[in-house]
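Data block below; observations after.
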Amino acid sequence: MAPLLLPSSPIHSFPATPKLSFRSKPRPIIRAAAGLEVDSFTKKSGYLFQLSAFEAESLLDYSPSRIAAIYRRKPLILLRRLIQVGTTFGKWFGVRYIDNLMERSDQMFKVRAAELRKILVELGPAYIKIAQAVSSRPDLIPPSYLDELSLLQDRITPFSTEVALDTIEKELGLRIDELFSEISPEPVAAASLGQVYQARLRRSGQVVAVKVQRPGVQAAISLDILILRFLAGVVKKAGKFNTDLQEMDYRKEADNGLKFRRLYGGLKDVFVPNINMEHTTRRVLVMEWVEGQKLSEVKDLYLVEVGVYCSFNQLLENGFYHADPHPGNLFRTFDGKLAYIDFGMMGEFKQEFREGFIEACLHLVNRDFDALSKDFVTLGLLPPTAEKEAVTKALTGVFQDAVAKGVRNISFGDLLGNLGTTMYKFKFQIPSYFSLVIRSLAVLEGIAISSDPNYKVLGSTYPWIAKKVLTDSSPQLKSSLQALLYKDGAFRIDRLESLLTESLRARTEKALVKIQREEANSRVVFKEILYFTLTEKGSFVREILIEEFAKEVNGIGNPNNNQSAYLEESSLLSYQPALVSEILAMLSIIPELPPELQQQLLRLPADLARRLISRASARTIQRIFL
Numbered sequence: 001m002a003p004l005l006l007p008s009s010p011i012h013s014f015p016a017t018p019k020l021s022f023r024s025k026p027r028p029i030i031r032a033a034a035g036l037e038v039d040s041f042t043k044k045s046g047y048l049f050q051l052s053a054f055e056a057e058s059l060l061d062y063s064p065s066r067i068a069a070i071y072r073r074k075p076l077i078l079l080r081r082l083i084q085v086g087t088t089f090g091k092w093f094g095v096r097y098i099d100n101l102m103e104r105s106d107q108m109f110k111v112r113a114a115e116l117r118k119i120l121v122e123l124g125p126a127y128i129k130i131a132q133a134v135s136s137r138p139d140l141i142p143p144s145y146l147d148e149l150s151l152l153q154d155r156i157t158p159f160s161t162e163v164a165l166d167t168i169e170k171e172l173g174l175r176i177d178e179l180f181s182e183i184s185p186e187p188v189a190a191a192s193l194g195q196v197y198q199a200r201l202r203r204s205g206q207v208v209a210v211k212v213q214r215p216g217v218q219a220a221i222s223l224d225i226l227i228l229r230f231l232a233g234v235v236k237k238a239g240k241f242n243t244d245l246q247e248m249d250y251r252k253e254a255d256n257g258l259k260f261r262r263l264y265g266g267l268k269d270v271f272v273p274n275i276n277m278e279h280t281t282r283r284v285l286v287m288e289w290v291e292g293q294k295l296s297e298v299k300d301l302y303l304v305e306v307g308v309y310c311s312f313n314q315l316l317e318n319g320f321y322h323a324d325p326h327p328g329n330l331f332r333t334f335d336g337k338l339a340y341i342d343f344g345m346m347g348e349f350k351q352e353f354r355e356g357f358i359e360a361c362l363h364l365v366n367r368d369f370d371a372l373s374k375d376f377v378t379l380g381l382l383p384p385t386a387e388k389e390a391v392t393k394a395l396t397g398v399f400q401d402a403v404a405k406g407v408r409n410i411s412f413g414d415l416l417g418n419l420g421t422t423m424y425k426f427k428f429q430i431p432s433y434f435s436l437v438i439r440s441l442a443v444l445e446g447i448a449i450s451s452d453p454n455y456k457v458l459g460s461t462y463p464w465i466a467k468k469v470l471t472d473s474s475p476q477l478k479s480s481l482q483a484l485l486y487k488d489g490a491f492r493i494d495r496l497e498s499l500l501t502e503s504l505r506a507r508t509e510k511a512l513v514k515i516q517r518e519e520a521n522s523r524v525v526f527k528e529i530l531y532f533t534l535t536e537k538g539s540f541v542r543e544i545l546i547e548e549f550a551k552e553v554n555g556i557g558n559p560n561n562n563q564s565a566y567l568e569e570s571s572l573l574s575y576q577p578a579l580v581s582e583i584l585a586m587l588s589i590i591p592e593l594p595p596e597l598q599q600q601l602l603r604l605p606a607d608l609a610r611r612l613i614s615r616a617s618a619r620t621i622q623r624i625f626l
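The C-terminal residue of the sequence shown carries number 626 in UniProt numbering, and the numbering is unbroken.
This is the structure in structure tokens:
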């Protein structure tokens, strides 16, 4: 069994025989008894918890009308929350303004950052989630604020253990000592929606993580969504918070975790802990324990690459993706694997959007901004009525310089930043699914940037995109490939070469960078390209190449064509190795191919001859009858 590391505070390891005392019988929940420490969220916002069982149950699914109906009957709570949020942020912005007037902003930066984190914790989960969304972007957030906001990922003040244990007993219907032979006396991690204990199951002896929901989160998030929904200029749509409501039912999170494990648990160097469904309810979740460190703390670029590959599979292969991959949810296990935890926020990426996203990346990298503007309509980012020519011109201005650096140097953060003005001008719409996809990729780039400031997540993702376009059987992607390779009727072999070369980087070996630097010569590249085009996966590309070669040879033999002009324009026959030695080196590769691929290579002249005969026959018939 692979153990799961959650942050190591307040205990660092699970003792063999910890000194734990179990209660002889269940005791009532103590929420604010004298001498019992109350967490700041409960202390400042505990009045939000005043919902009946029926009202709390009705908030499990996101429904603005249902939430509004509940709080229409509780106007004083709504008013109190509005005053609390307004005055709390108003005071903070006020002191920041005073700092600027007194020219002491730099000296007070860390202090104000700490105050902001405290405010977010007091206001509760909805505001913490907003902060978590930006806490992984060192290229966007000042270091002092980044340090403080990163603490919101797993170091939020826990609520009472007494309350947590009573919740476990109530939800599972058994006493703590009947469920566990050992359990940590304090939580090992506390997040916005719940906190985690380390325990050992009494029946099986397995070490597990026990996640317990924080009291009052349903009421707090629901009301805050209602408020944010109507705050013009802050949040026009609350779609991106919908999954927070799903997170409040741990049974859904458990189902997500099992599906995620089934789809991605078998990927190389990816670990997904198992869920114990027998001991999981709406407010309690029990899962396999994993030992390791947060990915953001170990600076392992190889595992970031593994994360990129896993994200590619999530987003573009299966369409089921982890929508909350902040550093607190990504770990490096002690055996060197990338572990995913916390499956409350998951997204579904429909097939048409997946293919549209791939096409958008292809058109961006190849600077086809006219096609890119159409992709934005397909993805739902632009209304169909948008002026395509104006959008194309604007996108060219936004992306031209960034793309000119080459795909491996395109910064995901820069692209998003540069797009802001254009999005406002042309009234871009940001669907909730797209927000989660962008956030997922942005988090990975943010983690990598802390280790390597020059890391580009798009540059690491593009090889997998190139490989998928070249090998996928989807009619839409095949059509996109053909459209990409032909411009104004001319075959663009340079684009095919770029795709083939990039696809060769679609690997996750630990020595990948070293391999690329040491073996990046024409012989190695040609060998892998030849190997690919002769296999079944490369059949579509092989057909394109044979057809183009036949077309150009046929054109040379056609007396009606201007041969010299044709050769000058030809993109395939004019593409020749610079030296005879390179040709000989390429020919020397053939004996190294497997026998079945050598046979496939020997069949190519016959395929070419059949196409030439077909074209010659068609030309003869045309001359006779026309």
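For every residue, glycine included, the Cβ atom is placed at its ideal position computed from N, Cα and C.
Within 8 Å, strictly: CB atoms of residue i and residue j
| i | j | result |
| --- | --- | --- |
| L379 | F428 | no |
| V212 | W289 | no |
| L601 | I589 | no |
| S192 | P125 | yes |
| Q314 | H326 | no |
| G266 | G46 | no |
| E122 | F41 | yes |
| L470 | V457 | no |
| R408 | G459 | yes |
| L101 | E148 | no |
| F331 | K294 | yes |
| L338 | F271 | yes |
| E291 | F357 | no |
Which listed residue (the options) has its alpha carbon closest to that of residue i
| i | options | result |
| --- | --- | --- |
| Q482 | T461, P325 and I544 | I544 |
| N318 | L263, F49 and I156 | L263 |
| G86 | A609, D224, R603 and Y455 | D224 |
| W464 | G344, R251, Y309 and I128 | Y309 |
| E186 | V398, R495, A209 and T333 | A209 |
| T422 | S450, K405 and F376 | F376 |
| R160 | E178, Y145 and V188 | According to the sequence displayed, residue 160 carries Ser and not Arg. Closest option to S160, Cα to Cα, is V188. |
| K350 | N454, L485, F320 and K527 | F320 |
| V111 | L146, R203, L301 and R81 | L146 |
| Y476 | G94, D452, R505 and R354 | The sequence given here places Gln at residue 476; Tyr does not occur at that position. Among G94, D452, R505 and R354, the Cα nearest to that of Q476 belongs to R354. |
Straight-line gap, residue i to residue j (C-alpha atoms, nearest Å)
| i | j | result |
| --- | --- | --- |
| A442 | P605 | 48 Å |
| S479 | L362 | 13 Å |
| E278 | E592 | 55 Å |
| L151 | E162 | 24 Å |
| V286 | F109 | 40 Å |
| S226 | E171 | The sequence given here has Leu at residue 226, not Ser. So the two alpha carbons sit approximately 28 Å from each other. |
| S473 | E502 | 19 Å |
| R66 | L76 | 18 Å |
| T392 | D370 | 5 Å |
| E596 | S539 | 14 Å |
| F89 | F434 | 29 Å |
| A114 | S296 | 21 Å |
| I156 | Y250 | 19 Å |
| G344 | I83 | 30 Å |
| F49 | A220 | 7 Å |
| residue 627 | I168 | Not covered by the structure: residue 627. The range shown for the chain is 1 to 626. |
| P384 | R495 | 29 Å |
| E569 | S373 | Low confidence applies here, because E569 scores a pLDDT of 44, under 50, leaving its location unreliable and the question unanswered by this model. |
Opposing strand residues paired with residue i [DSSP bridges]
| i | result |
| --- | --- |
| V196 | A189 and K211 |
| N276 | V286 |
| G292 | T333 |
| M346 | H322 |
| I183 | A199 |
| P340 | A quick correction: the sequence has Tyr, not Pro, at residue 340. Y340 is bridged to L330. |
Neighbourhood of residue i by C-beta distance below 7 Å, restricted to the same chain and skipping five residues each side
| i | result |
| --- | --- |
| Q598 | I590 |
| A254 | I275, M277, T280 and L285 |
Contacts around residue i, its chain only, beta-carbon distance under 6 Å, and the 5 residues preceding and following it disregarded
| i | result |
| --- | --- |
| V403 | R367 |
| I29 | Reliability of the predicted coordinates at I29 is poor, the pLDDT of 33 falling under 50, and the value obtained from them is presented with this limitation in mind. Excluding residues within five positions, the ones whose Cβ falls inside 6 Å are V163 and D166. |
| I341 | N329 |
| M346 | N256 and A323 |
| R31 | No answer about R31 holds up, because its pLDDT of 35 lies below 50 and its placement is not dependable. |
| L120 | Y127, I128 and A131 |
| R203 | none |
Residue i beta carbon near the ligand GDP (any heavy atom closer than 7 Å)
| i | result |
| --- | --- |
| N274 | The ligand GDP is not among the ligands present in this structure, which contains no ligands whatsoever. |
Same chain, Cβ closer than 8 Å to residue i, neighbours up to 5 away in sequence not counted
| i | result |
| --- | --- |
| S105 | R96 and D99 |
| R200 | F14, F180, S181, E182, I183, Q206, V207 and V208 |
| Y461 | As written in the sequence, residue 461 is Thr, which differs from the Tyr given in the question. Correct list, in chain order: V308, S311, F312, C361 and L441. |
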